[in-house]
Amino acid sequence: MMVLAVLFAALGAVSNAAGTAFQRKAASTVPGRTGLRLLLALVRRPAWAIGIAGVTGAAVFQALALLNGPMAPVQPLFMLELPFALLIAMPLLHRRPNPAGWWAVAGVVTGLALLLASAAPHGGRQQAAMTRWIPVLAFTLGAIAVTVLLVRSSSSALFRAAALATGAAIGNALAAAFMKSATGRLADAGLVAFLTTWQTYGCALTGITALMFLENALQAGPLVASRPALTIGDAAVSLTLGVILFDESVRTGWWLLPEAIGAALILWGVVRLTRVVPHLKDITG
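By the count of full-length UniProt numbering, the sequence shown reaches residue 285 at its end, each step adding exactly one.
Okay, structure coming up:
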């Protein structure tokens with residue numbers, strides 16, 4: 001089951017990366033259009049249809065990954081979307097990154113492998129009792145509200161971008177927790193149970209909120225502030241929610257040292273990518 005979870009998570013990262021790259025490719029062919037005119041132009045582009053299929057496939061693969069394995073290793077694997085997006089988008093958009101960009105990609109991949117191998121997330125259950133959901137919802141939704149207040153009280157572009165990206169990371173992790181619970185209901189009790197469980201709608205609402213935070217983070221300031229907060233924040237909150245909600249286990253003790261080194265490598269790689277890869281925002285959104 002864990003092998004399937006890892007496979008589906010990796011396929012989800014590839015699918016989302018491809019979807020993003022092809023959507024960017026389609027958008028680049030209709031400059032100067034916005035709103036409904038942009039959408040009407042895009043639906044006639046094969047690249048846009050491929051992009052939508054990629055994003056849809058990513059959601060399906062994520063659901064399958066969460067159904068077959070713990071949340072703690074599944075969500076961090078979606079970090080691979082960033083290097084996959086570069087690998088796919090660079091030739092598609094006829095761009096070449098600085099060679100240092102490939103070292104940054106290697107840092108992200110190596111750091112992720114070290115982090116997951118050291119933490120070795122395992123175990124867990126598909127559902128969580130309301131006695132666990134209530135404090136988790138209070139904390140995560142409260143943290144998102146705090147990021148809004150901090151953004152409104154700050155004039156620093158770097159701080160605003162980082163705070164909004166942190167809100168998006170928390171929202172993404174919470175949406176994944178909802179998805180894990182909802183897909184578990186689908187597998188155990190069927191479609192009616194899936195459509196009537198509150199976690200299904202919590203996933204949709206939280207996912208939309210996270211997307212709004214992300215778009216505002218990208219507009220608020222540079223990627224060097226938003227990308228690290230989004231990448232590390234999503235992984236950290238996902239690991240925490242997996243342990244608290246679903247009884248997943250990770251190794252502690254001296255294993256915390258290689259886990260910290262892995263997290264540091266990921267952070268270094270993401271920061272380097274935002275600095276050395278040209279037009280990163282246009283490629284990855």
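For glycine and all other residues, C-beta sits at the position ideal for the given N, C-alpha and C.
Same chain, Cβ closer than 6 Å to residue i, neighbours up to 5 away in sequence not counted
i           : result
residue 80  : 13
residue 180 : 66 and 71
residue 158 : 221 and 225
residue 214 : 168
residue 104 : 269, 272 and 273
residue 126 : 184
residue 165 : 217, 226, 229 and 230
residue 147 : 163, 166 and 167
residue 150 : 163
residue 11  : 61
residue 209 : 171
residue 212 : none
Length of the line joining the Cα atoms of residue i and residue j
i           : j           : result
residue 53  : residue 204 : 18 Å
residue 267 : residue 256 : 16 Å
residue 265 : residue 48  : 34 Å
residue 173 : residue 108 : 19 Å
residue 68  : residue 156 : 42 Å
residue 145 : residue 17  : 29 Å
residue 160 : residue 5   : 35 Å
residue 176 : residue 83  : 21 Å
residue 231 : residue 51  : 22 Å
residue 261 : residue 254 : 12 Å
residue 26  : residue 78  : 24 Å
residue 3   : residue 63  : 15 Å
residue 9   : residue 40  : 32 Å
residue 142 : residue 238 : 16 Å
residue 263 : residue 23  : 30 Å
Own chain partners of residue i with C-beta closer than 7 Å, once the 5 adjacent residues on each side are dropped
i           : result
residue 244 : 132 and 136
residue 185 : 193, 194 and 197
residue 236 : none
residue 178 : 199, 202, 203 and 206
residue 187 : 67
residue 140 : 170 and 174
residue 357 : The chain is shown only over 1 to 285; residue 357 falls outside these bounds and no answer can be derived.
residue 182 : 194, 197, 199, 200 and 203
Delimiting residues of the alpha helix (DSSP H) encompassing residue i
i           : result
residue 66  : 46–68
residue 127 : No alpha helix (DSSP H) holds residue 127; DSSP gives it neither H nor E.
residue 178 : 157–189
residue 121 : Taken as a continuous stretch (DSSP letters only), residue 121 belongs to no alpha helix (DSSP H), as it is neither H nor E.
residue 43  : Unbroken run through residue 43: none, as it is neither H nor E.
residue 286 : The structure shown does not extend to residue 286, since the chain is modelled only from 1 through 285, so no value can be given for it.
With 16 other Cβ atoms within 10 Å as the buried cut-off, status of residue i
i           : result
residue 234 : buried
residue 272 : buried
residue 153 : exposed
residue 163 : buried
residue 74  : buried
residue 170 : buried
residue 101 : buried
residue 88  : buried
residue 189 : exposed
residue 129 : exposed
residue 347 : This structure gives no information on residue 347, because the portion of the chain shown stretches from 1 to 285.
residue 241 : buried
residue 76  : buried
residue 138 : exposed
residue 191 : exposed
Distance cut-off 7 Å: residue i Cβ against heavy atoms of the ligand NAP
i          : result
residue 64 : Summarising the ligand content, the structure contains no ligands, and the ligand NAP is consequently not present.
C-beta neighbour in chain B for residue i, strict 8 Å
i           : result
residue 143 : Looking at the structure shown, chain B is missing, and only one protein chain is on hand.
On the three-pair Cβ rule with 8 Å, is the region 248–256 touching the region 121–132? The answer is yes - the region 121–132 touches the region 248–256, with three or more Cβ pairs under 8 Å.
Three or more C-beta pairs below 8 Å linking the region 39–48 and the region 104–116: Contact between the region 39–48 and the region 104–116 is absent: fewer than 3 CB-CB pairs across the two stretches fall below 8 Å.
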